[in-house]
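In mature numbering (1 follows the signal peptide of the UniProt record, and there is no 0), the protein residues as written are -18 to -1, 1 to 412.
Cβ atoms here follow ideal geometry from the backbone N, Cα and C, with glycine treated the same way.
Being a predicted model, the structure only gives us computed values, none of them experimental.
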Amino acid sequence: MKKTLLLSLLLIVSAFKAQININIGSTGVGTAPISSFFSYSYVQQIYLKQELNADAAGNITGLSFYADPSATITESSNWTVYLGHTTKTAFTSGTDWIPAAQLTQVFAGTVTASNGKVDVTFTTPFAYNNMDNLVIAAKENSQSIDINNFDEAFHVYNHLPNSTLFYKGDLAVVDPATPPGGIRADYKSAISILGLAPKPTPACPFVQFPANNAQFVTLTPNFKWFAASGADSYRVSVGTTAGATDVVNQVVTGNNFTPPAALNYNTTYYLRISSVSGSVESSGCADIMFKTIPPIPANDACSGAFVASVFPYEYAQSDAMSATNNAGFITSCADAMNDGTWFKFTGDGGQFTVGITMPAGSTYDPQMDIYSGSCGNFTCIKAMDNGGGGAAETYTFTTTAGTDYFINVGAYEETVDMPENVFTIKITKL
Ligand SMILES: [Ca+2]
Ligand SMILES: [Ca+2]
Ligand SMILES: [Ca+2]
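Okay, structure coming up:
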């Protein structure tokens, strides 16, 4: 009986103390949860379920925010706070506010900072379902401002792009039913969420690079992820099947990692990054699937130039991103360029048009050089680089019968080996 009582008491105490802390040691400042430096503000922040890492659904009883301990917030303390569920992971524009109807007011009143810590205790708890993401919205309603060295007072941490949307201004108190256009931010408030217990294992980090299902990833990718609150290191594993660790299985500090050995061309890999905190690791972190670049193109070097003999000739170079700079830059024309991929045809004394185009949406800005002669012993006919990113290059010239013409399509840079990308070449006899 005594034991049961003690256990119940312990449970009550631990339930009372349950809280999720997210990056509460951050020291950067930003416009969240409110602006202390503008008269009025309204801020919505999305905390993803994965980041909250709550053990179960439960009642959120309050929030704590963290201001710089030297800052004052006395003129920025009239707050209204709202919570809500959302399936949104980020704000798509400055007007992509989560509607007021989807939010529940949990606090209205005056807050105070104690050594920088601001506790917001809800009048009615908010039942978090642990299925959706959590949106935390706050507005500040007092006209006066806190100068604080002309900066904001509240601590934030960098995270997923556009996970915060804020408005701050001096005209009028914001009506959350019709908020004005705001500005998106890549940070969120350092926060304690009271009433929810965290999982015993740390949250899985968010992987920044590569994106899931990414194609054409380089052979030496620099994997990047956001710091997970409470993690002291990360396990990086890479395998050739889902969940496998046959390529990389390593615990690293920091938030990025490049495999020590180059990956293979044209191969699908599965990347998993788990947080490590002491002796515990996050579990069930999602695999990021990606595929590496195709093999080096057969026409990467002049010696392998594709021969055009039937006109019009057309070739879509879909593997151009794997082109190499071979022995170096091609300097036969005054406007030098990368060694890209190569084509060749023999003149007949008539006029030919050589053109390259990029797929819709491409930002690739290639140069197209035409030479006569032989590989390594070129005479410049023309260096074409009139178009910018995604724009076509074209050149028409009169050929000499029996003369070989070489066409090099590659990055326009003269002294830096820059990556090539997809294009289509067309050679037309006029
Ligand atoms: Ca090349
Ligand atoms: Ca160009
Ligand atoms: Ca190149």
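Beta-carbon spacing of residue i, residue j below 8 angstroms
{"i": "V117", "j": "V88", "result": "no"}
{"i": "P341", "j": "E375", "result": "no"}
{"i": "N60", "j": "T9", "result": "no"}
{"i": "F327", "j": "I409", "result": "yes"}
{"i": "T274", "j": "V199", "result": "yes"}
{"i": "F379", "j": "S314", "result": "no"}
{"i": "I278", "j": "I338", "result": "no"}
{"i": "T240", "j": "N204", "result": "yes"}
{"i": "T58", "j": "S18", "result": "Looking at the sequence shown, residue 58 is not Thr but Ser. It is a contact, given that the beta carbons lie within the stated cut-off."}
{"i": "residue 413", "j": "Y139", "result": "The chain is shown only over -18 to 412; residue 413 falls outside these bounds and no answer can be derived."}
{"i": "P184", "j": "S261", "result": "no"}
{"i": "S256", "j": "C267", "result": "yes"}
{"i": "D317", "j": "A365", "result": "yes"}
{"i": "S354", "j": "Y387", "result": "yes"}
{"i": "Q190", "j": "W207", "result": "yes"}
{"i": "P182", "j": "A209", "result": "no"}
{"i": "G392", "j": "A298", "result": "no"}
{"i": "S21", "j": "D157", "result": "no"}
{"i": "D269", "j": "A213", "result": "no"}
{"i": "F104", "j": "P192", "result": "no"}
For residue i, the nearest candidate out of the options (CA to CA)
{"i": "F148", "options": "T222, S58, I6, I16", "result": "I16"}
{"i": "G322", "options": "A82, N281, T385", "result": "N281"}
{"i": "P81", "options": "G370, T68, G372, V93", "result": "T68"}
{"i": "A109", "options": "L85, C186, G98", "result": "L85"}
{"i": "Y346", "options": "D330, S96, N368", "result": "N368"}
{"i": "S174", "options": "E33, T13, N403, S23", "result": "E33"}
{"i": "residue 421", "options": "G266, A283, A39", "result": "Nothing about residue 421 can be reported from this structure: the residues present for the chain run from -18 to 412 only."}
{"i": "N238", "options": "S259, L245, S215", "result": "S215"}
{"i": "D399", "options": "M303, K364, A316, C362", "result": "M303"}
{"i": "T106", "options": "V189, P187, N41", "result": "N41"}
{"i": "T397", "options": "F311, P187, N403", "result": "F311"}
{"i": "A119", "options": "S23, G225, D330, M319", "result": "S23"}
{"i": "A309", "options": "G66, A316, N320, Q299", "result": "N320"}
{"i": "G76", "options": "V102, P294, P143", "result": "P143"}
{"i": "V252", "options": "N195, A209, S300", "result": "The sequence shown places Tyr at residue 252, rather than the Val named in the question. The candidate whose alpha carbon is nearest that of Y252 is N195."}
{"i": "A243", "options": "G236, V230, R254", "result": "V230"}
{"i": "I28", "options": "K181, S126, N115", "result": "N115"}
{"i": "residue 494", "options": "G332, T56, C362, S124", "result": "Since the first residue shown for the chain is -18 and the last is 412, residue 494 is missing from the structure and cannot be characterised."}
{"i": "T56", "options": "A36, H137, V100", "result": "V100"}
{"i": "V234", "options": "F73, E263, L201", "result": "E263"}
Cβ-based burial, residue i [other Cβ within 10 Å; buried from 16]
{"i": "A159", "result": "exposed"}
{"i": "I2", "result": "buried"}
{"i": "K(-2)", "result": "exposed"}
{"i": "I165", "result": "exposed"}
{"i": "G7", "result": "exposed"}
{"i": "F132", "result": "exposed"}
{"i": "I4", "result": "buried"}
{"i": "E296", "result": "exposed"}
{"i": "S145", "result": "buried"}
{"i": "T43", "result": "buried"}
{"i": "L45", "result": "buried"}
{"i": "P51", "result": "exposed"}
{"i": "S291", "result": "exposed"}
{"i": "L(-9)", "result": "Because L(-9) carries a pLDDT of 47, less than 50, the predicted location of this residue cannot be relied on, and the following value inherits that uncertainty. Per the 10 Å Cβ criterion, exposed."}
{"i": "A167", "result": "buried"}
{"i": "T381", "result": "buried"}
{"i": "A83", "result": "exposed"}
{"i": "A172", "result": "buried"}
{"i": "N111", "result": "exposed"}
{"i": "P294", "result": "exposed"}
{"i": "D301", "result": "buried"}
Any C-beta of chain C under 8 angstroms from that of residue i
{"i": "G392", "result": "No chain C appears in the structure shown, which is made up of a single protein chain."}
Span of the alpha helix (DSSP H), counted from its first residue to its last, around residue i
{"i": "L142", "result": "Note, L142: premise wrong, no alpha helix (DSSP H); not H, not E."}
{"i": "K31", "result": "31 to 34"}
Where the beta strand (DSSP E) containing residue i begins and where it ends
{"i": "E122", "result": "115 to 122"}
{"i": "L253", "result": "250 to 259"}
{"i": "K408", "result": "405 to 411"}
{"i": "P348", "result": "348 to 356"}
{"i": "A393", "result": "386 to 393"}
{"i": "E402", "result": "First-last for E402: undefined, no H or E at that position."}
{"i": "Q333", "result": "333 to 339"}
{"i": "D78", "result": "Careful: D78 lies outside any beta strand (DSSP E) and carries neither H nor E."}
{"i": "D101", "result": "99 to 110"}
{"i": "Y295", "result": "295 to 299"}
{"i": "residue 470", "result": "Residue coverage of the chain in this structure runs from -18 to 412, which leaves residue 470 outside it and unanswerable."}
{"i": "G91", "result": "85 to 92"}
{"i": "V218", "result": "215 to 221"}
Heavy atom of ligand 4 within 7 angstroms of residue i beta-carbon
{"i": "A185", "result": "Although ligand 4 was asked about, the structure shown includes only ligand 1, ligand 2 and ligand 3 as ligands."}
| Nearest-residue set for ligand 3, Cβ under 5 angstroms from any heavy atom | N307, N320, A393, D399
| request: Go through the residues and name those whose CB comes closer than 5 angstroms to any heavy atom of ligand 2, in chain order. | output: D347, D367, G369
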